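Q: Each residue of the sequence shown is one higher than the one before, starting from 125 at the first, in the numbering used here. This is the structure, below, for whatever I ask next.
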Amino acid sequence: MKLFPYGHATHPQWQMACGLVLAQLRAHMALPDYADAPTLGLIYITDHYAGAARDILDYLGAELPEVTDWAGTVGIGVCATNAEYIDEPALTVMLCAVPSDQYRVFSGVMPLGGGAPFRPHTALVHADAQTPDVPELVAELAQRTDTGYLFGGLSSSRSQVLQFAVGSQGHVRGQGAVGGVIAGGLSGVAWGAGVALVSRVTQGCLPVAPEREITAAEGNVVLALDGQPALDVMLADLRISLDAPREALAVVRQTLVGLSDAGEPGVRRTGDFGPDVVVRHIIGVDPGRRGVAIAERPQPGQRLAFCQRNVQAARADLMRVCAEIREELEPEEVTGTTAAALAAAPEVSAPHPARRIAGAVYISCSGRGGPHFGGPGAELQIVRHALGDVPLVGFFAGGEIARHHLYGYTGVLTVFVADESADESSD
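Printed below as a string of structure tokens:
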């Protein structure tokens, strides 16, 4: 698997932005390290271009006839390698060189299982937040994959909410052509077992107190933690007092809760959250019942840890997930060819030869980016510093999807791993 061609641009006129992106794609496709005949395109546009979505797709499809399948969506912002475009007209495109029998584009008119036999191993998912029961639909879709792992996000837009879904396998009979731009529901790309992926979730926050068991709850109010009144536990964990309400309120506003089911990894020995933790806001307190209200309906038996989100926590957690991906992909032993490439490679400018990353998708919350990481573009700079200049595209979402969960204020980083056997055979 060679590197995936990619391009990104901003311009008030979508035609100019598409022209700039096409120039980058073609330049990459002419290089020996990049794929020259990819058939799957991922496209993300900001909501400034939402009204021209169909024209953009038609234009790219006409200019890139070899690309038979497209998937993507709209976001308040989009991102690419070392770049983020928030609240400005922009688009980003990556062409994935994946065998045609190892992926399927799906949507409401192209459901999984509706075409040729195909076993979904994992899936990239784009969803409309206005669709009823989205969390349940995400969980159901995860069950239809062999691994139960999804990655993706909810479309975000101040105007039209839309998704791109063009599949060479065709639509459900009787539905007719939809032009590749759809509204509502879920869509995306299902990947076969032959597509190697590594994915991590960064919550952007760190626990500030021990993890505790929810022993009593009613509705969205946690009443007891480890058998003690939840409000009393929170005040003790955060070292605040209701006798100083202003100071206490300021701390509580910066505090969230991390929830995990019994038996799932919550706070790990490394002091961060495990992948099954979902972070939710504290929305109030119940002094009468000594409870804490959260933006979730907790159940007794779940685990809860108070946590905080700030620039330092966000940067530290993103660097952690990048390090985990880097360590997983760097082999303990490398071939002679890889060793020579490592010695000759610049520090950051080229993809790291030992990591075998063909491309990456990064989906971050629309509430992240910019000041949340200390400056414009800082979030993507952290990823680049850790992984190198690997092809990367993504968008800023209204909610993030990883495994079978729907998250908020998180980032989901997924990399496509090139086939190592091809490198070994050439050594």
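All C-beta atoms, glycine included, are put in the ideal place defined by N, C-alpha and C. For clarity, every value in this text was computed on a predicted model and none was experimentally measured.
Would the beta-carbon of residue 323 fall within 9 Å of that of residue 539?
A: For residue 323 and residue 539, yes; Cβs fall inside 9 Å.
Q: How would you write the range of the alpha helix (DSSP H) that residue 366 sits in, first residue to last?
A: Premise fails: residue 366 is in no alpha helix (DSSP H) and is neither H nor E.
Q: State buried or exposed for residue 221, treating a residue as buried only when at least 16 other CB atoms are found within 10 Å of its CB.
A: By the 10 Å Cβ count, residue 221 comes out buried.
Q: Less than 9 Å between the beta carbons of residue 390 and residue 427, yes or no?
A: A contact, by the Cβ cut-off of 9 Å.
Q: Let's see if you can read the secondary structure: which residues bound the beta strand (DSSP E) around residue 496?
A: Segment: none, residue 496 is in no beta strand (DSSP E) and carries neither H nor E.
Q: Excluding the 5 residues flanking residue 402 on each side, which residues of the same chain have their C-beta closer than 7 Å to its C-beta?
A: Cβ neighbours of residue 402 beyond the five flanking positions: 383, 529 and 531.
Q: Can at least three beta-carbon pairs, one atom from the region 517-526 and one from the region 203-210, be found at a separation below 8 Å?
A: They touch, by the three-pair rule.
Q: I'd like to check one pair, residue 166 with residue 195: are the Cβ atoms closer than 9 Å?
A: Against a cut-off of 9 Å, the Cβ pair of residue 166 and residue 195 comes out as a contact.
Q: With a 10 Å radius around its C-beta and 16 neighbouring C-beta atoms as the bar for buried, classify residue 366 as buried or exposed.
A: So residue 366 counts as exposed.
Q: Return helix, strand or coil for residue 183, following the three-state DSSP convention.
A: Helix, per DSSP.
Q: Measuring alpha carbon to alpha carbon, tell me which of 178, 243, 219 and 134 ends up nearest residue 151.
A: Closest option to residue 151, Cα to Cα, is 219.
Q: Only counting the same chain, and skipping five residues up and downstream in sequence, which positions put a Cβ closer than 6 Å to that of residue 488?
A: Here the set comprises 520 and 535.
Q: Do residue 480 and residue 542 have their C-beta atoms within less than 9 Å of each other?
A: Contact: yes.
Q: Is the distance from the Cβ of residue 445 to the Cβ of residue 537 below 9 Å?
A: Yes, the pair counts as a contact, with Cβ atoms nearer than the cut-off.
Q: I'd like to confirm the pairing. Which residues does DSSP put opposite residue 290 in its beta bridges?
A: DSSP lists 194 as partners of residue 290.
Q: Tell me which residues share the same chain as residue 180 and place their Cβ nearer than 8 Å to its Cβ, disregarding the 5 neighbours each side in the sequence.
A: Contacts found: 138, 142, 167, 169, 173 and 215.
Q: Residue 515 to residue 430, Cα distance in whole Å?
A: Spanning the two alpha carbons is a distance of roughly 36 Å.
Q: Which residue from 336, 321 and 204 puts its Cα closest to that of residue 248?
A: Of the listed residues, the one whose Cα sits closest to residue 248 is 321.
Q: Please decide whether residue 205 counts as near chain D, where near means a Cβ-Cβ distance under 9 Å.
A: Looking for chain D here will not work: only one protein chain is present.
Q: Would you kindly report the start and end of the unbroken alpha helix (DSSP H) that includes residue 152?
A: Where residue 152 is concerned, the enclosing alpha helix (DSSP H) stretches over 138-153.
Q: Quick check for students: name the residue ranges of the beta strand (DSSP E) that lie wholly in the region 307-344, counting only runs of 3 or more.
A: Complete beta strand (DSSP E) runs here, min 3: 310-315, 320-326 and 336-342.
Q: Could you spell out the range, first to last residue, of the beta strand (DSSP E) harbouring residue 219?
A: Note, residue 219: beta strand (DSSP E), 214-220.
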